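Right, one structure below, let's go through it.
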Amino acid sequence: MPGYEIIDSEERQEVNSVFDSGGVLFRYGFEALRNNTYKVVEFENKFAEFLHAQYAQATTSGTASLFAINKIFGIGKGDEVITQSFTFVATVEAILETGATPVICEVDETLNMDPIDLEKRITKKTKAIWVVHMMGVPARISEIARIAKKYRLFLLEDTAQSLGAKYNGQFCGTFGDAGAFSFDFGKTLTTGDGGMIVVPTKKLYLAARAYCDHGHEDNPKFPRGEDTATRSGFNFRMMELQGAVGLAQLRKLPKALSQVKKNYKKLENLLKGIPEIEFRKVPKEGEEVGDSLTFFLPTAKQRKKVSDYLTGKKIGFKLLPGAVKWHFAGRWDHIWDVYPRYAEKNYLKLWPKSYELLQRAIAIPIMINLSQQNIEYIASSIQTAVKDL
């Protein structure tokens, strides 16, 4: 469910209001010019309110959010950070850029982190766990949280692809020590590009805010040019126009999520009972976003037959991991080639459980504006395709 589907005059009005209020595009300062208009701050507050979270800090991207979180938790050289084999490459890149070593564990039938394999990969060097809620489905977060607590590890959540997903009624991204979100053009909520960090304490919030603004403490006692700082940082500041778009998108998000979930359930119900299809598992405590309906065929060969048929019917789908090669660790030759532990190995075989599952998976994107006629067409096409297996 991409947020660009719901872009309309509301986003334009919010953007225009920035120019109508002095045209200050910078997030900080220029108080005399901006007429008390702070779109990014307002977006942060509203986003935290939506998630029932304590604090939110806007960034330039989901990747910036991941990297900044790693830095404020002191992750660096000599540390190991565990994440999963099925995730966008940014999760691992953000670990690499700190100097830490990424350790990759398997996914299970939820296509999220396998808690059993996770625990096997913990060592004395492990400092944090980056659990990823992939493609709208919550991970088994309660089990993973118990493991993090047992070994005294930071629990960090990459929620870039699952804004709105819940576990036991609580929003994903709010269970751990920090959560990262993405607002690029294909995400559930879009600001063109952008991201958000969510944290539970003021201390972490102030650290995140400072890191994303070259270490600025935003001290009210001093003008910005004389601001105080106790740490270094980077420029990960979201601009006011992005904050304006985010506000408009956020107002429409509950209705959009409701509609896409209805479309998801309609298609799921039409496909239930087909013996050749096994749906991706959703934890019993979980509530998926409905971003895409993913199912498994018995074999990779049978998946190809079904996908070829759907292609002929002009039905949009994703083959995992083929259509999303940036999302599977077994395809990241450019990353693993530098690690002696992976030298001269077949990367596709390093995570056999994950690869076997992904090789049998088809994901049908669920759009907000998907009509009943289109839903029935997709379902009937899949039903016809599997009959010939």
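The numbering of the sequence shown is the numbering used here, which starts it at 1302 and goes up by one.
The beta-carbon is built from N, C-alpha and C at its ideal position, and this holds for glycine as well.
Predicted model, so just to flag it, every value in this text is computed and none were measured.
Tell me the DSSP secondary structure of residue 1515 in three-state form. To locate residue 1515, count along the sequence shown from 1; it is residue 214. Of the three classes helix, strand and coil, the one that applies to residue 1515 here is coil, per DSSP.
Note down, one range per segment and in chain order, each beta strand (DSSP E) of at least 3 residues found wholly within the segment 1443-1493. 1455-1459 and 1479-1483
Around the C-beta of residue 1360, are 16 or more other C-beta atoms found within 10 angstroms, so that it is buried, or is it exposed? Residue numbering aside, residue 1360 sits at position 59 when the sequence shown is read from its first letter. Classification of residue 1360: buried, given that the 10 Å Cβ count is 16 or more.
Which of helix, strand or coil DSSP assigns to residue 1652: By 1-based counting over the sequence shown, the position of residue 1652 is 351. DSSP places residue 1652 in coil when its eight states are reduced to three.
Mind checking whether residue 1516 and residue 1534 have CB atoms under 7 angstroms apart? On the sequence shown, residue 1516 is found 215 positions in, with the first residue counted as 1. On the sequence shown, residue 1534 is found 233 positions in, with the first residue counted as 1. Closer than 7 angstroms, so yes.
Among residues of its own chain, excluding the 5 on either side of residue 1668, which ones have a beta-carbon nearer than 8 angstroms to its beta-carbon? Taking the first residue of the sequence shown as 1, we reach residue 1668 at position 367. So the list reads 1302, 1303, 1306, 1561 and 1564, once near-sequence residues are dropped.
Using DSSP's beta-bridge definition, name the partner residues of residue 1593. On the sequence shown, position 292 is the one that residue 1593 refers to. Note: residue 1593 sits in a beta bridge opposite 1666.
Which partner residues of residue 1383 appear in the DSSP bridge assignment? As a working note, residue 1383 is residue 82 in the sequence shown. DSSP output for residue 1383 lists 1404 and 1430 as bridge partner(s).
Name the DSSP bridge partner or partners of residue 1356? Position 55 of the sequence shown, counted from the start, is the residue given in the question as residue 1356. Answer by DSSP bridge pairing, in chain order: 1500.
Kindly indicate which three-state DSSP category residue 1397 falls into: helix, strand or coil? Counting from 1 along the sequence shown, the entry for residue 1397 is found at position 96. Residue 1397: helix per DSSP, three-state reduction.
Please say whether residue 1312 and residue 1438 have beta carbons closer to each other than 7 angstroms? Taking the first residue of the sequence shown as position 1, residue 1438 is located at position 137. Taking the first residue of the sequence shown as position 1, residue 1312 is located at position 11. For residue 1438 and residue 1312, no; Cβs fall outside 7 angstroms.
Is residue 1337 buried or exposed, if buried means 16 or more other CB atoms sit within 10 Å of its CB? Numbered from 1 along the sequence shown, position 36 holds the residue referred to as residue 1337. Flag for residue 1337 reads exposed.
Are residue 1618 and residue 1575 close, meaning C-beta to C-beta below 7 angstroms? Counting from 1 along the sequence shown, the entry for residue 1618 is found at position 317. Counting from 1 along the sequence shown, the entry for residue 1575 is found at position 274. Cβ atoms of residue 1618 and residue 1575: not closer than 7 angstroms.
If you draw a straight line from the C-alpha of residue 1661 to the C-alpha of residue 1374, how long is it? As a working note, residue 1661 is residue 360 in the sequence shown. As a working note, residue 1374 is residue 73 in the sequence shown. Those two C-alpha atoms are separated by around 37 angstroms.
Report the residue from 1354, 1426, 1435 and 1475 whose alpha carbon sits nearest the alpha carbon of residue 1443. Here residue 1443 refers to the residue found at position 142 when the sequence shown is read from its first residue. Taking only the C-alpha atoms, the option nearest residue 1443 is 1475.
Is DSSP giving residue 1553 helix, strand or coil here? As a first step, residue 1553 must be located in the sequence shown, where it is residue number 252. If DSSP states are grouped into helix, strand and coil, residue 1553 belongs with the helices.
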